[in-house]
Amino acid sequence: MTSIDSRRLPEHIAIIMDGNGRWAKKKGLSRILGHQQGADAVREIVTASRDIGIRWLTLYAFSEENWKRPAHEVQALMKLLNRFLKKELEEMQENGIRLKTIGRTSRLPKRTRDILLDTIEKTSSNRQMTLTLALSYGGRQEILDAILKIAARVERGEMAADQITEQTVTDALYTSGMPDPDLLIRTSGEYRVSNFLLWQISYSEIYITPTLWPDFDKNEYLKAIQDYQKRDRRFGGTGAGSKE
Ligand code: IPE
Ligand code: IPE
Ligand code: MG
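Heads up, the sequence shown is in the working numbering, so the first residue is 210 and it goes up one at a time.
If you want it as structure tokens, here you go:
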């Protein structure tokens, strides 16, 4: 088992869970079965995060652009999400996991929205870890929504345009109140961010693995964290630990 330094854990890990379709294709199975297997990987990584002591885990589960997929695939993904949430509620309660969502969730089917709201409410006082699901999420859309929010405030005379700071923008994003991701993982070997957390990843460490999401297990996860722990985060400074 890969060993990690528990004193240098990333506070927030964000994951682009990619490769379900290719995993299925390789095995001659339907894409839907790939997503089913992907849901099992989600379970394993959520539990592992909680055990390792990660405080914030954000998973890219469905992008704003994923609405372009065939209706039957979108439906299957929503059904899997419903089932996942219902099955995992007890586990979340036992492990102190709070659920949150980011994205234009009003676009989700009513049944999914209802289950999400119920799970969010029931887990709202949990404090060990926050699991954020990005659903109908797009980074550009998030920034646009923030701009609209801030512009409306200026228009109502609640603030002057020249008072807008980076913090104003940060606070107007869906992720308001969350720390930026320290580590961004993408599975399935694609070297792109696909519209994920564009504002928030400005100084995230990026880890890309060829492993397809359904095969991404706790050991692979530990390897990613171990790799992160070897990095020298400079934040534009000159060397080790220069955060300012
Ligand atoms: C990730 O797997 C899951 C979602 C985007 C919902 P994909 O479905 O994108 O799998 P590939 O990229 O086609 O292999
Ligand atoms: C990114 O994967 C979105 C999620 C993981 C939910 P995609 O498969 O949609 O991304 P592209 O199309 O390869 O960029
Ligand atoms: Mg993909």
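Every residue gets a Cβ at the ideal spot worked out from N, C-alpha and C, and that includes glycine.
Just to confirm, is the Cβ distance from residue i to residue j under 7 Å?
i	j	result
L382	F271	no
G228	W422	yes
I222	I263	yes
V255	L340	yes
R240	A233	yes
L266	S258	yes
Q376	R217	no
T384	Q409	yes
A370	V378	no
R395	I417	yes
D391	E220	yes
A248	L289	yes
P532	M287	Residue 532 lies beyond the residue range present for the chain, which begins at 210 and ends at 453; the question has no answer from this structure.
L431	I224	no
E273	Q350	yes
G455	Y346	Lying before the first or after the last residue shown, residue 455 is absent from the chain, which here runs from 210 to 453.
For residue i, count neighbouring C-beta atoms within 10 Å of its own C-beta (all shown protein chains included) and say buried if the count is 16 or more, exposed if not.
i	result
F425	buried
T211	exposed
E453	No answer about E453 holds up, because its pLDDT of 48 lies below 50 and its placement is not dependable.
S413	buried
I356	exposed
S157	It is not possible to answer for residue 157, since the shown part of the chain is limited to 210 through 453.
G366	exposed
A433	buried
H281	exposed
L326	exposed
Under a three-way DSSP split, which group does residue i fall into?
i	result
R336	coil
W232	helix
T267	strand
R440	coil
R313	coil
R349	helix
A360	helix
A355	helix
L344	strand
R240	helix
I222	strand
I213	coil
R320	helix
G445	coil
Assuming residue i and residue j make a contact with CB atoms under 8 Å, what is their CB distance in whole Å?
i	j	result
N404	G348	5 Å
I306	T332	6 Å
N536	T321	The displayed coordinates of the chain run from 210 to 453. Any statement about residue 536 would go beyond what the structure contains.
K295	I261	So it is not a contact: roughly 25 Å between Cβ atoms.
K427	E300	At roughly 16 Å, the Cβ-Cβ gap does not stay under 8 Å, so K427 and E300 are not in contact.
Can you check the stretch 374–436 for any alpha helix (DSSP H) of at least 4 residues that lies completely inside it and give the ranges in chain order? 375–381
Sequence ranges, beta strand (DSSP E) only - wholly within the stretch 251–303, length at least 3: 265–272
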